[in-house]
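Each residue of the sequence shown is one higher than the one before, starting from 31 at the first, in the numbering used here. Structure first, commentary second.
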Amino acid sequence: MASFRELHFAQRLGVARAWCRKMRLFITGGNGFIGSEVCRQAKEAGHDLYVLQRPHRLDSIPWQAISEFQPEVAIHCAWIATPGVYLDSPENVVLKDQSISLFQGLADAGLRHFVGCGTCAEYAPSVSALEEDKSAIAPLSIYAKAKHGLHCDLRKAASKSSTTLTWARIFFPYGPSEHPDRLVSSLFRAFQAGGRERLRSPSAVRDYIHVHDVASGLLACALSHADGCCNIGTGEGVSLDRLESEVARLCGRTDLAVETIRTERERTADCFVASTRKLRELGWRPRFKLSEGLTDYQCSISA
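So this is what it looks like as structure tokens:
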């Protein structure tokens, strides 16, 4: 198995070109916000795909068909993600157990590499960029605890198999086809209607990443077979009231946005921003800056 550091040196020597070959990918959550974009990019790149469409399919895996397909790499995107529901849903625990069984079945079938989708909510807030192997882990919600517990269990299972594991901690995705109750969607809808979305924590700093860049990051992890944790973020933080101001500008309603001046302590008290060193060592770069990504989202809902 290759560590992220080993892969960094391999890239410099040109070995990474071998990862560009056509592969057989097994993807769960293929009709979800992130999973559908992973499928689109993987198909565009010429990879062979076997896709599970919905999370509930995890309790009835078609093992015979999967065995015939012989996947080399899996990207596990399927999970509950409905805003206002997913954080405290008991379904998280069910999905955790089903995901462990999924990994074990795939490993027994000869899978070479597994990419699990984690969350930045596994971390404790930090004034500095969150690092995969150094920053404190402090999940609070049922969702975050289930994701962290799954990572621990997968790591144990992987140590007893020949299947390597990337645990990809995704930060704050946004973009076309996101749920209408997610924050970016809600902000656009409110300003377009001549109102404002009430922000619970306007000073909170978040690392917002376009769904295209999330998917390309997951594919970079999948094709590299890098073993370990990897953040999927941009490395750039934005306060929620600054995000609101940017959306207001795009909607032509700057008269409705209010950006607060606050102390340094207030600006860093609730901060989740990724260290992207590991992901960039795989050759990944984000396609969208925040302003460009928000414009792309605006175009998608105006079409």
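Using N, Cα and C, we set each Cβ at its ideal position, and we do this for glycine too.
query	result
Going by the DSSP bridge assignment, what does Tyr327 pair with across the sheet?	Tyr327 pairs with nothing; no bridge assigned.
Within 10 Å of its beta-carbon, does Arg228 have 16 or more other beta-carbons around it, so buried, or fewer, so exposed?	exposed
Given a cut-off of 8 Å, decide if Phe201 and Gly390 are closer than it, judged by their beta-carbon atoms.	The requested residue 390 does not occur in the structure, where the chain is confined to residues 31 to 333.
Give the DSSP-derived three-state secondary structure of Leu117 in the structure shown.	helix
Taking the alpha helix (DSSP H) that His242 belongs to, which residues open and close that run?	Val241 to Ser254
Just to confirm the assignment: which complete beta strand (DSSP E) runs, minimum length 3, are found wholly within the segment 181 to 227?	194 to 200 and 202 to 204
Could you check which residue in Cys260, Asn261, Phe56 and Glu67 has the C-alpha nearest to that of Phe133?	Phe56
Determine the extent of the alpha helix (DSSP H) in which Gly65 is found, giving its start and end residues.	Phe63 to Glu74
Here's the rule: buried if 16 or more other CB atoms are within 10 angstroms of the residue's CB, otherwise exposed. What is Thr306?	buried
Going by beta carbon distance, what residues of the same chain come within less than 8 Å of Val241, once the five residues before and after it are set aside?	Phe63, Ile64, Glu67, Pro203, Tyr204, Gly205, Pro206, Ser207 and Glu208
Would you mind listing the beta strand (DSSP E) stretches within the segment 103 to 150 that are 3+ residues and don't spill past its ends, in chain order?	103 to 106 and 143 to 149
Would you tell me roughly how many angstroms separate the C-alpha atoms of Thr194 and Glu162, rounded to the nearest one?	17 Å
Cutting at 6 Å between CB atoms, please list the residues of its own chain near Cys251, excluding the five before and the five after it.	Val145, Thr196, Ala198 and Cys260
Apart from the five residues just before and just after Pro316, which ones in its own chain have a Cβ nearer than 6 Å to its Cβ?	Asp243 and Thr264
Need the endpoints of the beta strand (DSSP E) that Arg54 sits in, please.	Arg54 to Thr58
Going by CA-CA distance only, name the one from Tyr327, Gln100, Ala287 and Gln128 that's closest to His106.	Gln128
Do you know offhand how far Tyr327's Cα is from Lys190's?	43 Å
Nearest by alpha-carbon distance to Glu98: which of Gly179, Leu79 and Ile110 is it?	Leu79
Under 8 Å between the Cβ atoms of Ala234 and Ser269?	yes
Can you have a look at Asp138 and say buried or exposed, based on whether 16 or more other CB atoms are within 10 angstroms of its CB?	exposed
Quick check on this structure: which residue in Ser216, Ser171 and Arg51 has the alpha carbon closest to the alpha carbon of Leu324?	Ser216
Since Asp271 is in the alpha helix (DSSP H), which residue starts that stretch and which ends it?	Leu270 to Leu280
Measuring straight from C-alpha to C-alpha, what distance separates Lys126 and Leu253?	24 Å
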